[in-house]
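> Below: one structure in structure tokens.
Residue numbers (this note's numbering): 237 to 657.
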């Protein structure tokens, strides 16, 4: 391996293996009857003082279908063991050989460390550039992993906290949640049916400042919406702005859970807007060349015969969905025929974890992308299942952007009740 020094390699057969999910992951049915060879390779880049572990599972007993799947992780965890339940084991069960890398730092799934950046520091305030390069792209090598607009959404996550510090106000979660519910109630019927979901986010216009002075219930007590809380929520929805009011990045969807611990918009301790603008400039100028992946030119990917399927929940409370929309629009500006190899699907009401909302299953999307690559059958919809905003088990189609779901009548929990317009 050019540029690498092998530290160790181990292979172990696993016969009739059963995979069980472990906390903090949500419980899912076990993946049973797996036969595979577990190959673990550990290596380093000489002079970089890094150690990277790659886990590859190879199907045995004639179960390999000739396909390979590369797997990523979540937050600032590159992959490794954190991706086992998300995609590695389901992919193995489907007949793929699967591989994942820890990106050069700890790969154990710990939700308290999804945004822990200490591994990328050589000392306080000093970037460990080799480890950051490992995480950003080098360790992934040729695995099909794309994370769009990293440099932008990282600072966008802490903007609401900056606004709270600037205003010296910290609204209780119940007040912020009440404003979210008010927005959903206002825009729910845009698609023709009341289901607790905003299916037309682009047409939803709601200003939380209009709620100031109105009553709401908080833990059984009557409260009054404050102007300060309205400004905080407006900042979450509008997205980061410079001192002069210039656009810096997109805000979160009206139905995003803004108060969810760990994933929801975080807090910071900047004291002035000048410091904020300096932080934004640092994020985009210093790190875009390493972790930025917003280049809309996908010509090499297209020429290699690649197909890309991207779906994004409009209630994502970690990564604003409009970042995906903006990137897709820029790709189409660069290549008006990009829909032939790249399609975006928005999932109304779905959050970042995919545990909330009506979402496509991993197995379904995997089958769709395989059919597209191997049989040239491009998807116009994705089948999605889950609980709607009223808690009803539902199934409906996700529409290829820019089309959206629209209710046509009948039982709103069945897919026939919706069409794409």
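Glycine included, every Cβ here is placed at the ideal spot set by N, Cα and C. Being a predicted model, the structure only gives us computed values, none of them experimental.
In chain order, what residues of the same chain have a beta carbon less than 8 Å from the beta carbon of residue 228, not counting five sequence neighbours either side?
An answer regarding residue 228 cannot be provided, because it is not within the stretch 237 to 657 covered by the chain.
> If you drop the 5 nearest sequence neighbours on each side, which residues of the same chain put their C-beta closer than 8 Å to that of residue 494?
Around residue 494: 396, 412, 413, 416, 469, 472, 488, 500, 501, 553.
> Helix, strand or coil for residue 547? Go by DSSP, reduced to three states.
The answer is strand: DSSP assigns residue 547 an E or B state.
> What are the boundary residues of the beta strand (DSSP E) that includes residue 630?
629 to 635 is the extent of the beta strand (DSSP E) around residue 630.
> Taking residue 654 as the reference, give the member of 608, 419, 431 with the closest Cα.
Here the closest residue by C-alpha is 431.
> How big is the Cα-Cα spacing for residue 647 and residue 633?
So the two alpha carbons sit approximately 14 Å from each other.
> Could you give the first and the last residue of the continuous alpha helix (DSSP H) run that contains residue 566?
It spans 557 to 570 - the alpha helix (DSSP H) in which residue 566 sits, taken as one unbroken run.
> Tell me, please, whether the stretch 527 to 542 touches the stretch 594 to 608 by the rule of three or more beta-carbon pairs shorter than 8 Å.
No: fewer than three Cβ pairs fall under 8 Å.
> Who are residue 622's beta bridge partners in DSSP?
Looking at the DSSP assignment, residue 622 forms a beta bridge with 594, 630.
> Identify every run of the alpha helix (DSSP H) within the stretch 264 to 305, keeping only runs that are complete inside it and at least 4 residues long; order them along the chain.
Within the stretch 264 to 305, no complete alpha helix (DSSP H) run reaches 4 residues.
> Considering only C-alpha positions, which residue in the set 479, 433, 657 is nearest to residue 624?
The shortest C-alpha separation from residue 624 is found at 433.
> For residue 446, does the count of other Cβ atoms within 10 angstroms reach 16, so buried, or fall short, so exposed?
So residue 446 ends up on the exposed side.
> What residues in its chain sit with their C-beta under 7 Å from that of residue 626, if we drop five residues either side in the sequence?
If we look at residue 626 and ignore the five residues flanking it on each side, its Cβ neighbours are 431, 432.
> Taking just the CA atoms, how far does residue 284 sit from residue 241?
Taking the straight line joining both Cα atoms gives about 11 Å.
> Please classify residue 637: is it buried, with 16 or more other beta-carbons within 10 angstroms of its beta-carbon, or exposed?
Residue 637 should be labelled buried.
> Three-state secondary structure (DSSP) at residue 422?
The answer is helix: DSSP assigns residue 422 an H, G or I state.
> Would you say the stretch 548 to 567 touches the stretch 605 to 621, given that touching needs at least three Cβ pairs under 8 Å?
No, the stretch 548 to 567 is not in contact with the stretch 605 to 621.
> Can you tell me whether residue 535 is buried or exposed? The criterion is at least 16 other CB atoms within 10 Å of its CB, across all chains shown.
Residue 535 is exposed by the Cβ-count criterion.
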